[in-house]
Amino acid sequence: MFDTHTAIVVLIFLGAFIVIAKYLEDPVMFLGGLAASGLYYFLFLHHTLVAIFEAILKLTAR
Numbered sequence: 189m190f191d192t193h194t195a196i197v198v199l200i201f202l203g204a205f206i207v208i209a210k211y212l213e214d215p216v217m218f219l220g221g222l223a224a225s226g227l228y229y230f231l232f233l234h235h236t237l238v239a240i241f242e243a244i245l246k247l248t249a250r
């Protein structure tokens, strides 16, 4: 779920959602798009950082 290609595609769709919300001047749709984008970005960064820390722990545990 959190590979690079999936993240790019999801962020493109969420960006399009936000642009449509701005065009329609719908604040609830806009805030929902921002919240979804922020949540997905947070989860992607969290997953990436956990993988980096696990790799560091494996290197230092030798």
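Quick note, my numbering runs 188 ahead of the 1-based positions in the sequence shown. We put the beta carbon where it would ideally sit given N, CA and C, even for glycine.
Environment of residue i [buried if 16+ CB atoms lie within 10 Å]
i: leucine 202; result: buried
i: glycine 226; result: exposed
Other residues of its chain near residue i: CB distance less than 7 angstroms, five sequence neighbours each side excluded
i: alanine 224; result: Leu202
i: isoleucine 244; result: none
Backbone secondary structure at residue i - three-state DSSP
i: glutamate 242; result: helix
i: alanine 249; result: coil
Residues near residue i in its chain [Cβ-Cβ closer than 8 angstroms; skip 5 each side]
i: tyrosine 253; result: Since the first residue of the chain shown is 189 and the last is 250, residue 253 is not available in this structure.
i: phenylalanine 237; result: In the sequence as displayed, the identity of residue 237 is leucine instead of phenylalanine. So the list is empty, once near-sequence residues are dropped.
i: leucine 222; result: Ile206
i: isoleucine 208; result: Met217
Residue from the options with nearest C-alpha to residue i
i: threonine 192; options: Phe218, Leu231, Ile208, Met217; result: Leu231
i: glycine 220; options: Ala204, His235, Leu233; result: Ala204
6 angstroms CB neighbourhood of residue i in its chain, flanking five on each side removed
i: lysine 246; result: none
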